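Down below is the structure, laid out as structure tokens.
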């Protein structure tokens, strides 16, 4: 009975555990159903019995565990670690990837019988896998050749070959396992043993390690894992090609610039050492140039260079730009972020100067989740581009975005103290409640209370860091006071940003799929010159629209509203008459008493027309204690607008009168209602309708599911 990779994974988990392991846990870590896990456990039982050991122990609530006697544990440890392919079934993915890696690294045809022997599978199975390999490579623009009586091999650009090999290997086994294999001759896993024992010669790998270490010493750098692997793959391929007298081929590299670098001298020294080892004198210049370009483009985890000071200064300016944009200070993270950016920037500059392109595997993720940050980092990168005379593509910029994304998210997560905000509106709480929600969404603050002006005391002001209001409050310290409109405008946002820390949140991932669909439609009609700019421009627009159009239904809030609460094309003598038309509707239906109308007039006369929330629209309201009998709303449209002397200086034609009795359940409805009134298209429709029924339809379609 042979064990599959899933069985081996389960056996390994049980071997490492000192107690019972639940089947649900095994299902979760193996991405399988509990039924599949139980089937695998039965196979493990049969395997243990076959070799003379007890079955697994089972408990109806605790799960399963191994019978851990000394002999059984020694056998299992040996089986997990040692190369016993006849007792282990490689997965389809492991087989396919091994065949791909083998033919990419090799230079001569590899026979089908070789794969039969190494993988313990039939000839027919190998042939079937070769078809899968062909499909995979074709998508990578690599041609698979089947040579009768010889085997299979690939034809492609040498750089493409090496990059694909490195990408596939690093996605298959960890660098830690590769390092361990080089240093101790042992792999941690069955897969690691299959790949490392059959792809590389251990002696060659140790020579390669020595050469890379020498290069690091010459350049006063320590390469990161990915760069180390790419250098290792290049040298391994150089060894293979040298046996057949084949060079790397012509590469698009600016030769004169590279020859003057320290990396070129190191590359020359390394290749000459290899040439002596492999008795290869005829090495083409392209080999030196390409290896030098690899060294120049390699990322480092430690770096000491003559230009480090300049790069550090540029990185510092970029950090300050992002700090200013988001109104934050990285403080304790600053040095770590600065060092990480500086280490990243130098090899990036060399990659750009020598036309070495990279592809960020997380590029789509960055655009999807950090579209706004991507736009801001792109602007920050202009500092670097101007000072170093380079032009970065979006792939390179996306790497830098990840550094800032991590730093900003840490800042939000570990912010020691949120600024305390008090929101004050003139008497009525409706606008102040919605304003509070908006501010908490935009900034990293805590709104402690929403109050009317008359409830504001010195003690309450002293307990808060800032007071935000839609009206002037003369006795508040000017340093603590921020005046805004009832609906936050761009100007308000900029003023708030000077004193408050902007929240950094991911964008709605659903919008990214919408953008891609839009781009596909645009492609059919015209040529797109800069697809990535179009992507984040569309994302910005969609995200903004998502914030401004109310489509979320309110299920737990009820208020009286119907066609009888609507009047259209009315005529009002002045603003007071316009307010009265709206409140009279609620009076007629016993939703308010006369005090409510009087309080609205008093508030506007005392504090100004702050209730005019957008041009031409007023949200007329007072407080719950000012005569509200029922949650209710009326809608009035005017034939000719009236002047409220508000900041927009546009005659008001739409009066929404709102009376709210509850303090809490209405908040989501208020937010939705204000967002709806911000939408000029919906307001236009309301003003143009010819019947009360049409208005109720418009509102119910968008936000009014809770209306009775």
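Numbering (the UniProt record's numbering), first residue to last: 1 to 708. Each residue gets a CB set at the ideal place from its N, CA and C atoms; glycine is no exception. Just so we're clear, the structure is a prediction, and the values are computed from it rather than from any experiment.
- According to the DSSP secondary-structure assignment, residue 265 is paired through a beta bridge with no residue.
- DSSP places residue 123 inside the alpha helix (DSSP H), whose first and last residues are 123-139.
- Residue burial annotation: residue 124 is exposed, with fewer than 16 other C-beta atoms found within 10 angstroms of its C-beta.
- Linking residue 244 to residue 58 through their CA atoms gives a straight-line distance of about 59 angstroms.
- Straight-line spacing of the CA atoms in residue 608 and residue 471 works out to 8 angstroms.
- A contact between stretches requires three or more CB pairs, one per stretch, nearer than 8 angstroms, and the segment 623-630 fails this requirement with the segment 481-493.
- Between residue 40 and residue 10, the C-beta gap is smaller than 8 angstroms, which places the two residues in contact.
- Rounded to the nearest angstrom, the Cβ distance from residue 247 to residue 286 is 6 angstroms, consistent with a contact under 8 angstroms.
- Counting the other CB atoms within 10 Å of its CB gives residue 313 a total below 16, which places it among the exposed residues.
- Sequence-distant partners of residue 445 (beyond 5 residues in either direction) whose C-beta falls short of 7 angstroms from its own C-beta, in its chain, are 418, 419, 421, 439 and 500.
- Contact annotation, residue 236 with residue 200: C-beta distance approximately 7 angstroms; criterion of less than 8 angstroms satisfied.
- In this structure, the straight-line span from the alpha carbon of residue 64 to that of residue 22 is close to 6 angstroms.
- With a threshold of 16 other beta carbon atoms within 10 Å, residue 49 falls short and is exposed.
- For residue 352, the CB contacts under 6 angstroms within the same chain, skipping 5 residues up- and downstream, are 390 in chain order.
- When Cβ pairs closer than 8 angstroms are counted between the two stretches, the segment 328-336 is seen not to touch the segment 358-375, the count staying below three.
- Linking residue 72 to residue 140 through their CA atoms gives a straight-line distance of about 46 angstroms.
- Going by beta carbons, residue 637 and residue 701 fall outside the 8 angstroms limit.
- With fewer than three CB-CB distances shorter than 8 angstroms, the segment 310-325 does not count as touching the segment 259-266.
- Boundaries of the alpha helix (DSSP H) around residue 364: 363-369.
- In the DSSP assignment, residue 151 forms a beta bridge with 147.
- Rounded to the nearest whole angstrom, the CA to CA distance from residue 156 to residue 202 is 27 angstroms.
- The continuous stretches of beta strand (DSSP E) do not include residue 175, which lies in the alpha helix (DSSP H) extending over residues 175-184.
- Of the residues assessed, residue 179 falls on the exposed side of the cut-off, its CB having fewer than 16 other CB atoms within 10 angstroms.
- Sixteen is the threshold: since fewer than 16 other Cβ atoms of the shown chains lie within 10 Å of the Cβ of residue 563, the residue is exposed.
- Residue 340 and residue 52 have their alpha carbons spaced roughly 55 angstroms apart.
- Distance between residue 209 and residue 292, taken at the CA atoms: about 17 angstroms.
- Residue 456 and residue 473 do touch by the CB rule: their CB atoms are close to 7 angstroms apart, below 8 angstroms.
- Cβ-Cβ distances below 6 angstroms link residue 497 to 327 in the same chain, with the five nearest sequence neighbours on each side left out; the list follows chain order.
- Of the candidates 159, 182, 133 and 93, 93 places its Cα closest to the Cα of residue 171.
- When DSSP states are grouped into helix, strand and coil, residue 626 belongs to the coil group.
- In the DSSP assignment, residue 24 forms no beta bridge with any residue.
- Rounded to whole angstroms, the separation of the alpha carbons of residue 409 and residue 131 is 45 angstroms.
- The alpha helix (DSSP H) runs of length 4 or more contained entirely in the segment 574-619 are, from start to end of the chain, 575-588 and 594-607.
- By the CB criterion at 8 angstroms, residue 398 and residue 343 fall outside the cutoff.
- In the three-state DSSP reduction, residue 480 falls in the coil class, being neither helix nor strand.
- If you check the CB distance, residue 384 and residue 405 do not come in under 8 angstroms.
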